[in-house]
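J.: Protein chains in written order, with the numbering used here: chain A, 66 to 238; chain B, 59 to 455. Glycine included, every Cβ here is placed at the ideal spot set by N, Cα and C. Mind looking over this structure? Questions follow.
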């Protein structure tokens with residue numbers, strides 16, 4: 066509606082419509098081996114830096130801190146520790162799928178035993194008393210796996226609070 | 059051929075959840091016109107333009123070209139800068155580099171965002187690694203919630219401590235006519251009462267535990283512009299220019315999972331570099347005012363520790379003792395900060411501009427009641443990237 070005499074007009078938006086533009090991202094050799102090993106053997110691998118000895122999970126072929134090429138893959142545990150976490154309660158559309166994620170859900174950065182970095186993933190719990198920094202978790206895999214990070218269904222909280230034994234204990238200065 | 063450089067003009071639009079009355083180009087024009095008027099310059103006086111936003115928030119990938127009528131960049135050199143949340147501070151730093159290099163005398167630095175034009179959470183997720191982190195992360199709110207979980211765990215911090223930061227910034231915003239969130243119901247109430255109200259209110263819902271709505275910044279439409287000038291012209295333009303004393307910036311990693319969650323290492327390193335340049339040994343005593351990029355409440359505790367205003371876990375003591383309030387030893391965010399307006403690409407420009415006007419004596423109701431000699435502005439983006447700028451009243455040696 067526009068009224069020329071008063072200069073009043075209804076303010077408008079034009080929407081882009083439902084755009085669809087899928088991307089295909091390369092994982093690199095180490096990233097592919099990580100997902101293939103989960104898919105075929107339900108085991109985790111990390112990349113070890115020859116410079117600083119950090120074990121990176123997920124693996125990639127360059128250590129940014131040392132700017133060195135990494136080629137060695139080492140096994141890490143399917144169990145680990147929560148280093149940071151949240152329980153998501155607000156609904157939003159996942160831009161990867163275009164679908165609203167069901168809420169609430171637990172999410173955490175998990176340092177697998179033997180790794181120095183953390184992997185973000187979903188948790189099997191939304192219990193505020195259990196989803197805590199330091200809690201122990203174990204990977205639960207999907208029955209049908211396709212070579213995606215979601216081949217890990219989620220991490221389950223386990224009643225075990227031993228400190229990670231396999232970690233190099235490396236902390237970023 | 060290097061030159062000293064100063065800020066000689068600042069302009070911003072009023073923050074709003076939706077500026078449907080203007081498109082992005084028109085909103086940029088408003089901010090640029092305000093900055094030019096502040097410096098009493100015309101667009102013909104500007105030698106070059108630096109502009110920034112988060113392109114994919116509006117889905118426009120050539121913002122330097124698309125915005126040219128609004129920016130005033132027609133037939134001038136233009137560079138676009140996009141660095142996440144730090145975009146606005148990086149825009150300011152890049153404009154400073156232009157002038158400090160000696161190649162340009164008067165450079166316009168512009169930041170803007172129309173968050174109302176897309177889903178900010180969905181847009182922010184696309185900043186995360188698409189293969190490993192995007193499928194599991196939940197935009198800025200989820201990322202900040204995990205950050206809070208670790209800080210609260212490490213230092214026994216409570217939600218009352220977080221709310222204390224919110225209350226400071228939102229009370230300050232009542233003095234800022236440009237702030238997006240001006241919560242009039244807070245006016246006149248004491249801090250303890252406001253903290254109690256925030257942590258007990260059922261309307262103040264949990265969005266991502268441990269964060270409630272009041273722990274988070276708004277989504278804002280706004281633009282802001284700064285004018286940087288070389289030492290050859292700065293003092294003829296502004297009676298009191300805000301001199302750039304130091305700039306520093308650090309990036310670490312794109313993978314959140316690689317971070318050492320116990321501190322903000324980029325902010326710590328950038329702050330140390332900037333302080334060393336200026337010779338600051340005791341930041342709490344030597345800096346007069348801060349405009350910090352604190353996008354959520356607990357950052358106002360954790361990150362002031364990383365900067366070095368206090369030791370690890372001591373942030374809440376500074377807050378509760380009133381040290382960071384308007385009449386405290388180191389007032390933080392007189393503007394109301396990011397907790398009161400977050401037009402992402404403009405947010406860093408506003409931090410720098412608000413720090414500058416404290417030195418220039420142009421901050422109106424939010425002007426500090428003392429002489430401001432050194433002001434600090436920061437940017438946060440990322441992953442966990444940091445920009446730090448120190449501005450001063452005295453021309454650097």
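Can a CB atom of chain B be found closer than 7 Å to the CB of residue 99 of chain A?
T.: The residue given as residue 99 of chain A occupies position 34 in the first chain. With a threshold of 7 Å between beta carbons, residue 99 of chain A makes no contact with chain B.
J.: Under 8 Å by Cβ, that's how I've got residue 406 of chain B and residue 149 of chain B pegged, so tell me the actual separation to the nearest angstrom.
T.: Position 348 of the second chain holds residue 406 of chain B. Position 91 of the second chain holds residue 149 of chain B. Their Cβ separation, rounded to whole angstroms, is 7 Å, which keeps residue 406 of chain B and residue 149 of chain B in contact under 8 Å.
J.: Does the structure place the stretch 271-283 of chain B close enough to the stretch 133-150 of chain A that three or more beta carbon pairs sit under 8 Å?
T.: no
J.: Can you tell me whether residue 402 of chain B is helix, strand or coil according to DSSP?
T.: The residue you call residue 402 of chain B lines up with position 344 of the second chain. In the structure shown, residue 402 of chain B sits in a helix (DSSP, three-state: H, G or I).
J.: Report the rounded CA-to-CA distance for residue 364 of chain B versus residue 106 of chain A, giving the unit in angstroms.
T.: Here residue 364 of chain B corresponds to residue number 306 of the second chain, with the count starting at 1. Here residue 106 of chain A corresponds to residue number 41 of the first chain, with the count starting at 1. Approximately 42 Å between the Cα atoms of the pair.
J.: Whose Cβ in chain A lies nearer than 7 Å to the Cβ of residue 193 of chain B?
T.: Mapped onto the second chain, residue 193 of chain B falls at position 135. Near residue 193 of chain B (Cβ distances below 7 Å), the residues of chain A are 161, 214, 215.
J.: Answer with yes or no whether the minimum CB distance from residue 172 of chain A to chain B is below 7 Å.
T.: For the purposes of this step, residue 172 of chain A is identified with residue 107 of the first chain, where counting begins at 1. Closer than 7 Å: yes.
J.: Taking 7 Å as the CB-CB limit, is residue 129 of chain A close to chain B?
T.: Position 64 of the first chain, counted from the start, is the residue given in the question as residue 129 of chain A. With 7 Å as the cut-off, residue 129 of chain A counts as an interface residue toward chain B.
J.: Have a look at the DSSP bridge pairing and note the partners of residue 436 of chain B.
T.: In the second chain, the residue the question calls residue 436 of chain B occupies position 378. Partner(s): B:446.
J.: Using a Cβ-Cβ distance cut-off of 7 Å, determine whether residue 272 of chain B contacts chain A.
T.: Your numbering for residue 272 of chain B matches position 214 in the second chain. No - not a single Cβ of chain A is within 7 Å of the one on residue 272 of chain B.
J.: By Cβ distance below 8 Å, which residues in the same chain neighbour residue 240 of chain A in space, the five residues on each side in sequence not counted?
T.: Because chain A in this structure spans residues 66 to 238, residue 240 of chain A falls outside the shown range and cannot be described.
J.: Leaving out five residues before and five after residue 139 of chain B in sequence, what residues of the same chain have Cβ atoms less than 7 Å from its Cβ?
T.: Here residue 139 of chain B corresponds to residue number 81 of the second chain, with the count starting at 1. Contacts found: 108, 110, 145, 148, 149, 152.
J.: So, helix, strand or coil for residue 343 of chain B, using DSSP?
T.: Indexing the second chain from 1 puts residue 343 of chain B at position 285. For residue 343 of chain B, the three-state secondary structure derived from DSSP is helix.
J.: Give me the residue from B:452, B:100, B:383 with the minimum Cα distance to residue 129 of chain B.
T.: By one-based count along the second chain, residue 129 of chain B stands at place 71. Taking only the C-alpha atoms, the option nearest residue 129 of chain B is B:100.
J.: When you compare each of A:96, A:134, A:97, A:101 to residue 114 of chain A by their alpha carbons, which one comes out closest?
T.: The residue labelled residue 114 of chain A in the question sits at position 49 within the first chain. Looking at the Cα atoms, A:134 is the closest of the given residues.
J.: Does the beta-carbon of residue 214 of chain B have 16 or more other beta-carbons within 10 angstroms, so that it is buried, or is it exposed?
T.: Within the second chain, residue 214 of chain B is the residue found at index 156, counting from 1. Exposed: under 16 other Cβ atoms inside 10 Å.
J.: For residue 456 of chain B, collect the residues of the same chain with a Cβ closer than 6 Å to its Cβ; drop the 5 residues on either side in sequence, then sort them by chain order.
T.: Nothing can be reported for residue 456 of chain B, as the shown portion of chain B is limited to 59 through 455.
J.: Can you check whether the CB of residue 336 of chain B is closer than 7 Å to the CB of residue 304 of chain B?
T.: What you label residue 304 of chain B is simply residue 246 of the second chain in a count that begins at 1. What you label residue 336 of chain B is simply residue 278 of the second chain in a count that begins at 1. In this structure, residue 336 of chain B lies closer than 7 Å to residue 304 of chain B by Cβ.
J.: Please list, in chain order, the residues of the stretch 139-156 of chain A that have any C-beta partner in chain B closer than 8 Å.
T.: 148, 149, 150, 151, 152, 153, 154, 155
J.: The beta strand (DSSP E) with residue 203 of chain A in it runs from where to where?
T.: As a working mapping, residue 203 of chain A is identified with position 138 in the first chain. Here the beta strand (DSSP E) through residue 203 of chain A covers 201-206.
J.: Near residue 382 of chain B, what residues of its chain come up, given a Cβ to Cβ distance below 7 Å and the 5 sequence neighbours on each side ignored?
T.: For this step, residue 382 of chain B is matched to residue 324 along the second chain. Closer than 7 Å at Cβ, skipping near neighbours: 226, 376, 388, 389, 390.
J.: Just the Cα atoms here: how many angstroms apart are residue 311 of chain B and residue 435 of chain B?
T.: As a working note, residue 311 of chain B is residue 253 in the second chain. As a working note, residue 435 of chain B is residue 377 in the second chain. Rounded to the nearest angstrom, the two C-alpha atoms are 22 Å apart.
J.: Which value, in whole angstroms, describes the spacing of the CA atoms of residue 403 of chain B and residue 116 of chain B?
T.: Numbered from its first residue, the second chain carries residue 403 of chain B at position 345. Numbered from its first residue, the second chain carries residue 116 of chain B at position 58. When rounded, the distance between both Cα atoms is 11 Å.
J.: Among B:142, B:122, B:143, which residue has its Cα nearest to the Cα of residue 135 of chain B?
T.: One-based indexing of the second chain puts residue 135 of chain B at position 77. Residue B:122 is the option with its Cα nearest to residue 135 of chain B.
J.: Is residue 243 of chain B helix, strand or coil when you go by DSSP?
T.: Counted from its first residue, the second chain places residue 243 of chain B at position 185. Residue state, collapsed to three classes: helix.
J.: Any beta-carbon of chain A closer than 7 Å to the one on residue 301 of chain B?
T.: For the purposes of this step, residue 301 of chain B is taken as residue 243 along the second chain, with counting starting at 1. Output row for residue 301 of chain B: interface = no.
J.: Across the stretch 157-172 of chain A and the stretch 191-203 of chain B, are there enough close Cβ pairs to call them in contact, namely three or more that are closer than 8 Å?
T.: yes
J.: Relative to the C-alpha of residue 437 of chain B, which candidate in B:362, B:426, B:297 has its C-alpha closest?
T.: Residue mapping note: residue 437 of chain B aligns to position 379 of the second chain, counting from 1. Selected option, being the one with the closest Cα: B:362.
J.: Quick one: measure Cβ to Cβ for residue 393 of chain B and residue 408 of chain B, integer angstroms, because I've assumed they're closer than 8 Å.
T.: The residue you call residue 393 of chain B lines up with position 335 of the second chain. The residue you call residue 408 of chain B lines up with position 350 of the second chain. That belief holds up - the Cβ atoms of residue 393 of chain B and residue 408 of chain B are roughly 7 Å apart, short of 8 Å.
J.: Please classify residue 235 of chain B as buried or exposed, where buried requires at least 16 other C-beta atoms within 10 Å of its C-beta.
T.: The residue you call residue 235 of chain B lines up with position 177 of the second chain. It is exposed - the Cβ of residue 235 of chain B has fewer than 16 other Cβ atoms within 10 Å.
J.: For residue 446 of chain B, which residues of its own chain have a beta-carbon under 6 Å away from its beta-carbon, when the five flanking residues on both sides are left out?
T.: Your numbering for residue 446 of chain B matches position 388 in the second chain. Only 306, 328, 329, 332, 436 meet the Cβ criterion.
J.: Look up residue 109 of chain A in the DSSP assignment and say whether it is helix, strand or coil.
T.: What you label residue 109 of chain A is simply residue 44 of the first chain in a count that begins at 1. It is a strand residue.
J.: Taking 7 Å as the threshold (beta carbon to beta carbon), is residue 219 of chain A in contact with chain B?
T.: In the first chain, residue 219 of chain A corresponds to position 154, counting from 1. No, residue 219 of chain A lies away from the interface with chain B (no Cβ there is under 7 Å from its Cβ).
J.: Assign residue 120 of chain B to buried or exposed, taking buried as 16 or more other Cβ atoms, counted over all protein chains shown, within 10 Å of its Cβ.
T.: Translated into positions along the second chain, residue 120 of chain B becomes position 62. Exposed, because fewer than 16 other Cβ atoms sit within 10 Å of the Cβ of residue 120 of chain B.
J.: Within 10 Å of its beta-carbon, does residue 228 of chain A have 16 or more other beta-carbons around it, so buried, or fewer, so exposed?
T.: Walking along the first chain from the start, residue 228 of chain A turns up at place 163. Residue placement at residue 228 of chain A is flagged as unreliable, the pLDDT there being 47, under the threshold of 50; a coordinate-derived value is accordingly withheld.
J.: By the 10 Å Cβ neighbour count, where 16 or more other Cβ atoms means buried, how is residue 95 of chain B classified, buried or exposed?
T.: Here residue 95 of chain B is taken as the residue at index 37 of the second chain, counted from 1. The residue in question, residue 95 of chain B, is exposed, as its Cβ has fewer than 16 Cβ neighbours within 10 Å.
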